[in-house]
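Using the working numbering, the first residue of the sequence shown is number 3, and each one after it goes up by one.
See structure below.
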Amino acid sequence: MRIPLPYGICGAWCLLLCACGPQQEPQPAPAVQGAPRAALNSGLLPLDAQGRPYRPETEFEIDGPPIEYRQRAEFHDFGLVPLGNVVEHTWTLENTDDQPVRVRRVQPSCGCLTVRSERVDAAGIAIAPGPSVAPDLFELPPGARLAVHIALDTRQVQVKNADKLVHVQVISTSQHRPYLMLEAHIVADSPLQLNPETLELGRVPASAGATARLDLLPVGDTGTLPHELGPLPVGFEARLEQRDLLGRDIWTLTLDAVAPLTIGPLNGEFELRTRRPKEKPRPGTRLLDDPDVEWVAGPSYAIRFQGQAIGDLDVFPPQLVATGKVSSGGFGEATLSALLPGHRLRVTGTRLVLPGGIATHGQLELRALPIDADDSGRASSWKLELVAPANFGPLPLAGKAVLELDDLQFPTHELPFLVRLD
């Protein structure tokens with residue numbers, strides 16, 4: 003079906019085509035000169051392999067095929083590094099601004115990285131830093147250079163046999179490049195793969211203790227195997243067990259936090275020692291079946307563990323906070339949990355007490371509701387609800403909530419409360 007266009011529309015189209023004329027190739031926009039380009043060409047710049055200031059726009063300059071890959075001067079690739087080695091690299095930065103630049107911070111991104119910075123001359127030799135410019139670190143006149151040294155310990159790399167990218171942020175007063183990010187890549191080559199890398203104990207009831215495990219899988223061709231454990235912190239026990247899984251030898255490391263525990267953080271580390279054959283084994287050889295293998299010490303591992311010892315009764319969040327509007331009132335909730343296995347209890351009463359032992363008036367209500375209670379009304383978890391009515395005052399109001407329990411070990415439990423209405 004053809005729909006005729008009104009004459010006015012056809013005429014308008016004809017006039018538009020005549021006015022436009024033949025199609026022309028769009029003209030490229032003129033290159034932006036001046037301040038934007040100067041900003042790229044100056045500032046605190048790293049030096050390339052030839053000792054020249056490396057400018058960011060050189061990444062995009064193409065002289066014709068084939069395109070030559072240029073590695074950025076602020077990036078360094080350590081590649082695959084055997085576990086236990088400490089690798090180092092130095093970047094040299096030059097102030098290409100026309101005025102002095104103060105270096106305010108040189109900040110590494112990872113605890114496995116150690117950073118040191120110093121003034122150097124054109125030959126890379128350290129020179130006196132000059133007068134103090136505290137709280138800044140250095141003042142670099144135009145043309146002056148700063149060396150940023152890094153040392154990376156493969157034993158401190160948290161995840162082994164995986165790509166790791168670390169950063170060093172350099173913050174200065176340069177008008178053009180106040181923020182500079184130096185990057186380094188590494189893979190810590192480990193003959194054992196730990197899964198997970200850290201023993202996570204979690205939230206541990208002080209009277210119950212806890213257990214955490216990790217698996218150790220030999221990888222690579224060095225024949226390195228787990229051997230023994232070093233001394234353990236007081237209050238912890240550990241064991242190393244070997245098993246066969248689909249024709250491969252796997253070791254399981256088990257850590258026990260032995261009750262009773264002191265409430266607080268459960269963080270630390272201990273040593274795992276390894277052994278390897280003196281001569282490189284032939285492919286397919288199962289070393290544990292060969293009694294003639296001569297063993298030597300292999301690399302050691304720092305096994306980290308972390309957790310938190312808490313009371314056998316726990317409230318989360320630890321403070322009961324009621325929030326809301328003055329006109330409509332406020333509400334807050336928390337959960338009381340009995341963490342010992344099989345421990346169930348009943349909340350028989352609640353009280354809200356202000357500082358000085360003064361009980362609050364009846365307008366403020368504290369409810370205790372069982373979660374999945376048994377026939378006797380006992381439950382391992384209770385929901386606590388704090389309700390403030392509309393136009394409640396005075397505000398803010400803080401005190402403690404007292405829970406009365408029918409439990410011989412814990413007859414009462416207290417937690418702080420707060421009412422805050424907008």
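No residue lacks a Cβ here, since even glycine has one placed at the ideal position from N, Cα and C.
Just checking, does the region 223-243 make contact with the region 166-179 on the three C-beta pairs under 8 Å criterion? Counting Cβ pairs under 8 Å, fewer than three are found: no touch.
Return the CA-CA distance between Leu338 and Pro48, expressed in angstroms with no decimal places. The residue given as residue 338 occupies position 336 in the sequence shown. The residue given as residue 48 occupies position 46 in the sequence shown. If you draw a straight line from the Cα of Leu338 to the Cα of Pro48, it is about 57 Å long.
Cβ pair count under 8 Å reaching 3, the region 131-142 against the region 103-119: Taking one beta carbon from each stretch, the region 131-142 and the region 103-119 have 3 or more pairs nearer than 8 Å; the two touch.
Which residue's Cα is closest to the Cα of Gly379: Arg346, Phe394, Arg54? Numbered from its first residue, the sequence shown carries residue 379 at position 377. With distances taken between Cα atoms, Gly379 lies closest to Arg346.
Expressed to the nearest angstrom, what Euclidean distance is found between the alpha-carbon atoms of Pro30 and Gly45? In the sequence shown, residue 30 corresponds to position 28, counting from 1. In the sequence shown, residue 45 corresponds to position 43, counting from 1. Per-residue confidence for Pro30 stands at a pLDDT of 39, beneath the threshold of 50, marking its modelled position as unreliable; no derived number is given.
How would you call Thr287, buried or exposed, if buried means at least 16 neighbouring beta carbons within 10 angstroms? Your numbering for residue 287 matches position 285 in the sequence shown. Around the C-beta of Thr287, fewer than 16 other C-beta atoms lie within 10 Å, and the residue is accordingly described as exposed.
Give me, in chain order, the residues of the same chain whose beta-carbon lies closer than 7 Å to that of Ala37; leave out the 5 immediate sequence neighbours on both sides. The sequence position of residue 37 within the sequence shown is 35, counting from 1. The predicted position of Ala37 is uncertain, since its pLDDT is 44 and thus under 50; no value can be drawn from it.
Beta strand (DSSP E) containing Ser174: first to last residue? Counting from 1 along the sequence shown, the entry for residue 174 is found at position 172. It spans 165-174 - the beta strand (DSSP E) in which Ser174 sits, taken as one unbroken run.
DSSP on Leu49, reduced to helix/strand/coil? Reading the sequence shown from its first residue, position 47 is the one you call residue 49. Three-state DSSP puts Leu49 in a strand.
Does the Cβ of Asn393 have 16 or more other Cβ atoms within 10 Å, making it buried, or fewer, making it exposed? Taking the sequence shown and counting its residues from 1, one reaches residue 393 at position 391. Result: exposed.
For Asn97, is the classification buried or exposed, using 16 other Cβ atoms within 10 angstroms of its Cβ as the cut-off for buried? The residue labelled residue 97 in the question sits at position 95 within the sequence shown. Its Cβ being crowded by 16 or more others within 10 Å, Asn97 is buried.
Taking contact to mean 3 or more Cβ pairs, one atom from each stretch, closer than 8 Å, check whether the region 262-278 and the region 205-215 are in contact. Taking 8 Å as the limit for Cβ pairs, the verdict is that the region 205-215 does touch the region 262-278.
Using three-state DSSP, classify Asp445 as helix, strand or coil. Here the chain covers residues 3 to 424 and nothing more, so residue 445 does not appear.
For Asn269, I'd like the list of residues in its chain whose CB is within less than 6 Å of its CB, leaving aside the five on either flank, ordered along the chain. Within the sequence shown, the letter at position 267 stands for residue 269. Correct list, in chain order: Gln308.
Could you name the residues of the same chain whose beta carbon sits closer than 8 Å to that of Pro343, not counting the 5 residues immediately before and after it, in chain order? Within the sequence shown, numbered from 1, the residue matching residue 343 stands at position 341. The residues are Ala210.
Here's the rule I'm using: 16 or more other beta-carbon atoms within 10 Å means buried, otherwise exposed. How should Asp1 be labelled? Absent from the structure is residue 1, since the part of the chain shown begins at 3 and ends at 424.
Collapsed DSSP secondary structure at Arg74 in the structure displayed: For the purposes of this step, residue 74 is identified with residue 72 of the sequence shown, where counting begins at 1. Per DSSP, reduced to three states, the secondary structure at Arg74 is coil, with no helix or strand assignment.
Specify whether the region 161-168 and the region 193-203 touch according to this definition: at least 3 beta carbon pairs, one from each stretch, less than 8 Å apart. Touching, yes, given that three or more Cβ pairs across the two stretches are closer than 8 Å.
Hey, would you say Asp148 sits closer than 9 Å to Val168, going by beta carbons? Against the sequence shown, residue 148 aligns to sequence position 146. Against the sequence shown, residue 168 aligns to sequence position 166. It should be noted that the sequence gives Leu, not Asp, for residue 148. Taking 9 Å as the cut-off, the Cβ atoms of Leu148 and Val168 do not count as close.
For Ala370, count the other beta carbons within 10 Å of its own beta carbon; 16 or more makes it buried, fewer makes it exposed. Which is it? Here residue 370 refers to the residue found at position 368 when the sequence shown is read from its first residue. Residue environment for Ala370: buried (at least 16 other C-beta atoms within 10 angstroms of its C-beta).
Asn97 - partner residues in DSSP beta bridges: The sequence position of residue 97 within the sequence shown is 95, counting from 1. In DSSP, Asn97 forms a bridge with Leu46.
CA-to-CA distance, Arg121 to Ala146, given in whole angstroms: Within the sequence shown, the letter at position 144 stands for residue 146. Within the sequence shown, the letter at position 119 stands for residue 121. Rounded to whole angstroms, the gap between the alpha carbons of Ala146 and Arg121 is 8 Å.
Can you tell which of Thr92, Pro391, Ala336, Ser383 has the C-alpha that lies nearest to the C-alpha of Thr116? Indexing the sequence shown from 1 puts residue 116 at position 114. The candidate whose alpha carbon is nearest that of Thr116 is Thr92.
Count the other C-beta atoms from every protein chain shown that fall within 10 angstroms of the C-beta of Arg118, then say buried if there are 16 or more, exposed otherwise. Indexing the sequence shown from 1 puts residue 118 at position 116. By the 10 Å Cβ count, Arg118 comes out exposed.
Inspect the beta-carbon positions of Leu227 and Thr276 and report whether they are closer than 9 Å. As a first step, residue 227 is located in the sequence shown; it is residue number 225 there, counting from the start. As a first step, residue 276 is located in the sequence shown; it is residue number 274 there, counting from the start. A contact, by the Cβ cut-off of 9 Å.
Put Gln158 into one of helix, strand or coil per three-state DSSP. Within the sequence shown, numbered from 1, the residue matching residue 158 stands at position 156. If DSSP states are grouped into helix, strand and coil, Gln158 belongs with the helices.
Starting from the C-beta of Phe318, find all residues in its chain whose C-beta is less than 8 Å away, skip the five residues before and the five after it, and write them out in chain order. One-based indexing of the sequence shown puts residue 318 at position 316. Contacts found: Ala336, Thr337, Ser339.
Short of 8 Å in beta carbon distance, which residues of its chain neighbour Asp223, apart from the five on each side in sequence? Order them along the chain. As a position in the sequence shown, residue 223 is number 221, starting the count at 1. For Asp223, the CB contacts under 8 Å within the same chain, skipping 5 residues up- and downstream, are Lys282, Pro283, Pro285 in chain order.
Neighbourhood of Glu387 by C-beta, 6 Å cutoff - its chain only, sequence neighbours within 5 removed: Here residue 387 refers to the residue found at position 385 of the sequence shown. Take Glu387, set aside five residues on each side of it, and the residues of its chain with a beta-carbon closer than 6 Å to its own are Glu335, Arg369, in chain order.
Expected contact under 8 Å - CB spacing of Gly225 and Leu290 to nearest Å: Taking the sequence shown and counting its residues from 1, the one referred to as residue 225 is at position 223. Taking the sequence shown and counting its residues from 1, the one referred to as residue 290 is at position 288. Their Cβ separation, rounded to whole angstroms, is 10 Å, which puts Gly225 and Leu290 out of contact at 8 Å.
Based on the DSSP output, what are the partners of Gln244 in its beta bridges? Residue 244 sits at position 242 when you count from the first residue of the sequence shown. Per DSSP, the beta bridge partners of Gln244 are Trp253.
Can you tell me whether Leu417 is helix, strand or coil according to DSSP? In the sequence shown, residue 417 corresponds to position 415, counting from 1. Strand at Leu417.
In DSSP terms, what Phe318 is bridged to: Sequence index remark: in the sequence shown, residue 318 carries index 316 (1-based). In DSSP, Phe318 forms a bridge with Thr337.
In whole angstroms, what separates the C-alpha of Ser382 from that of Leu242? Within the sequence shown, the letter at position 380 stands for residue 382. Within the sequence shown, the letter at position 240 stands for residue 242. Taking the straight line from one Cα to the other gives about 34 Å.
With a 10 Å radius around its C-beta and 16 neighbouring C-beta atoms as the bar for buried, classify Arg179 as buried or exposed. To locate residue 179, count along the sequence shown from 1; it is residue 177. Buried is the call here.
Just how far apart, CA to CA, sit Leu405 and Arg353? For this step, residue 405 is matched to residue 403 along the sequence shown. For this step, residue 353 is matched to residue 351 along the sequence shown. Between the C-alpha atoms of Leu405 and Arg353 there is a straight-line separation of about 7 Å.
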